[in-house]
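Going by this note's numbering, the first residue of the sequence shown is number 2, and it counts up by one from there.
Ideal Cβ placement from N, Cα and C applies to all residues, glycine included.
All values derive from a computational prediction rather than experimental measurement.
Have a look at the structure below before the remarks.
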Amino acid sequence: AVMAAGVILTYVNVDTAQRSVEQGLKDLNGIDSGRSAIVLKILLNSIQFNSIAATFKYKWPKPVEFMLTYQAVGGNSMTALMNVDCAVQDTIKVRTFYLDTLIIALVPLFVPFLAWLSVLLADCLSKRNKNNAGDRFEGVYALPEDGDPQNLEKREKKGKYQTAVMSLLFALYPSLVLQAFKLFNCQQLGETSESFVLMADMREICHQGSQLTWMLFLGVPMVVVYVLGFPIICLILLNKFKHILPTRWTNEAETWSPYIRRKKQLVAMKLYLLFHGYKPNFYYFEVVIMVRKLLVVAIAVFFHDQLIQALLATLLVVIVMTIQVRIMPFTGPILNILEFYSLATSFVTFFFGLVL
2 AVMAAGVILT YVNVDTAQRS VEQGLKDLNG IDSGRSAIVL KILLNSIQFN
52 SIAATFKYKW PKPVEFMLTY QAVGGNSMTA LMNVDCAVQD TIKVRTFYLD
102 TLIIALVPLF VPFLAWLSVL LADCLSKRNK NNAGDRFEGV YALPEDGDPQ
152 NLEKREKKGK YQTAVMSLLF ALYPSLVLQA FKLFNCQQLG ETSESFVLMA
202 DMREICHQGS QLTWMLFLGV PMVVVYVLGF PIICLILLNK FKHILPTRWT
252 NEAETWSPYI RRKKQLVAMK LYLLFHGYKP NFYYFEVVIM VRKLLVVAIA
302 VFFHDQLIQA LLATLLVVIV MTIQVRIMPF TGPILNILEF YSLATSFVTF
352 FFGLVL
């Protein structure tokens with residue numbers, strides 16, 4: 002079910018990216034063809050952010066706890082659903098928490114296969130839409146006659162695949178951060194060295210034995226590759242290709258041939274999820290949102306006092322809301338209002354969770 006949901010989500014991004022490239026980022030009426038994908042991205046960001054509240058030490062009322070649990074399934078699907086406690090029982094000596102973390106760390110290895118399924122689904126539905134569109138959209142879907150159409154077709158397939166990979170990693174990111182941080186989350190519960198335990202499994206003594214091994218050889222690579230690596234790579238790619246992002250094109254673009262224009266659009270397609278929906282000067286803002294998720298996960302994992310968790314999370318939301326109001330990073334007022342209301346739900350969740 003989780004894999005199917007991930008494929009469907011990625012299909013939406015791939016299909017929208019393809020249509021945006023084919024239609025020059027505008028449909029025939031001049032309306033942004035990717036508005037639905039932007040709304041979906043805002044909603045997913047909100048669900049992922051709010052679902053972290055389920056890990057806070059709040060005494061939630063039953064209805065709220067039920068709601069957050071189901072948000073966690075959508076926002077942090079791997080940590081919510083992947084649990085090997087019942088499967089392994091006493092058959093192996095490795096702690097189940099370490100096995101859970103290992104499985105989650107290996108999930109990105111399956112991303113290429115899921116991305117291929119998503120592209121296959123998008124291609125099948127795209128062909129059907131083109132056939133249904135008929136002659137009315139023949140000019141929109143046709144490849145430019147100048148240049149090398151076969152080269153463009155290869156670039157388009159590559160761009161759709163890269164868009165799918167980026168979308169899946171985007172969906173998995175909060176779960177990877179949460180599980181990686183848990184390997185480092187230790188607390189002193191007594192006066193002896195044996196009372197310095199791993200909070201995810203209090204039978205494990207920190208900084209020695211198996212905990213030290215798993216922390217060094219699994220936790221550190223997860224932090225380097227996933228927690229820090231993914232946002233840094235996204236930022237590097239955005240900066241490298243910012244001059245060809247369609248939202249930053251200048252008047253010079255009007256002099257390009259159809260082939261050159263399509264070629265540049267296809268290069269930018271792989272970053273579609275990251276830059277689409279933001280104003281030209283805020284093409285990097287999706288990386289800022291990743292940092293926001295990283296910080297709220299850090300608050301949930303490394304701060305154990307309920308009051309401190311509430312204050313830090315609320316402060317983070319207030320800062321984010323202030324930035325949102327001041328810069329309005331999205332391309333339209335409706336999208337900015339939607340983002341503000343999604344942050345308002347986060348404020349209510351984290352602030353009033355302390356007093357419920």
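Buried/exposed call for residue 273, threshold 16 Cβ in 10 Å: The sequence position of residue 273 within the sequence shown is 272, counting from 1. Flag for residue 273 reads buried.
Minimum C-alpha distance to residue 315 - residue among 211, 287, 301: On the sequence shown, residue 315 is found 314 positions in, with the first residue counted as 1. Scanning 211, 287, 301 for the CA closest to the CA of residue 315 turns up 301.
What's the gap between the Cα of residue 372 and the Cα of residue 240? This structure gives no information on residue 372, because the portion of the chain shown stretches from 2 to 357.
Using the Cβ count rule (16 or more neighbours within 10 Å means buried), how would you classify residue 106? Numbered from 1 along the sequence shown, position 105 holds the residue referred to as residue 106. Per the 10 Å Cβ criterion, buried.
With residue 50 as the anchor, note down where its alpha helix (DSSP H) starts and where it stops. For the purposes of this step, residue 50 is taken as the residue at position 49 of the sequence shown. Looking at the DSSP string, the run of the alpha helix (DSSP H) that includes residue 50 is 36-52.
What's the call for residue 160, buried or exposed, on a 16-neighbour Cβ count within 10 Å? To locate residue 160, count along the sequence shown from 1; it is residue 159. By the neighbour-count rule (16 or more Cβ atoms within 10 Å), residue 160 is buried.
Can you tell me where the beta strand (DSSP E) with residue 96 in it begins and where it stops? Numbered from 1 along the sequence shown, position 95 holds the residue referred to as residue 96. First-last for residue 96: undefined, no H or E at that position.
Of the residues 216, 59, 279, 270, the one placed nearest residue 337, counting alpha carbons only: Residue numbering aside, residue 337 sits at position 336 when the sequence shown is read from its first letter. Nearest C-alpha to residue 337: 279.
Taking just the CA atoms, how far does residue 277 sit from residue 286? Taking the sequence shown and counting its residues from 1, the one referred to as residue 286 is at position 285. Taking the sequence shown and counting its residues from 1, the one referred to as residue 277 is at position 276. The straight-line gap from Cα to Cα measures roughly 10 angstroms.
Residue 230 versus residue 224 - alpha carbon distance: Indexing the sequence shown from 1 puts residue 230 at position 229. Indexing the sequence shown from 1 puts residue 224 at position 223. Distance between the alpha carbons of residue 230 and residue 224: 8 angstroms.
Pull up the distance between the alpha-carbon of residue 192 and that of residue 203, whole angstroms please. Start at 1 with the first residue of the sequence shown, and residue 192 comes out as number 191. Start at 1 with the first residue of the sequence shown, and residue 203 comes out as number 202. Straight-line Cα distance between these residues: approximately 15 angstroms.
Which word fits residue 51, buried or exposed, when buried means at least 16 other C-beta atoms lie within 10 angstroms of its C-beta? Against the sequence shown, residue 51 aligns to sequence position 50. Buried, by the Cβ-count rule.
Inter-residue spacing [alpha-carbon to alpha-carbon] between residue 112 and residue 169: Locating residue 112 in the sequence shown gives position 111, where the first residue counts as 1. Locating residue 169 in the sequence shown gives position 168, where the first residue counts as 1. Their backbone Cα atoms lie some 7 angstroms apart in a straight line.
Going by alpha carbons, who is nearest to residue 194 out of 264, 116, 206? Locating residue 194 in the sequence shown gives position 193, counting from the first residue. Nearest of 264, 116, 206 to residue 194, Cα basis: 206.
Roughly how many whole angstroms lie between the Cα atoms of residue 342 and residue 60? As a first step, residue 342 must be located in the sequence shown, where it is residue number 341. As a first step, residue 60 must be located in the sequence shown, where it is residue number 59. Rounded to whole angstroms, residue 342 to residue 60 spans 25 angstroms at the Cα level.
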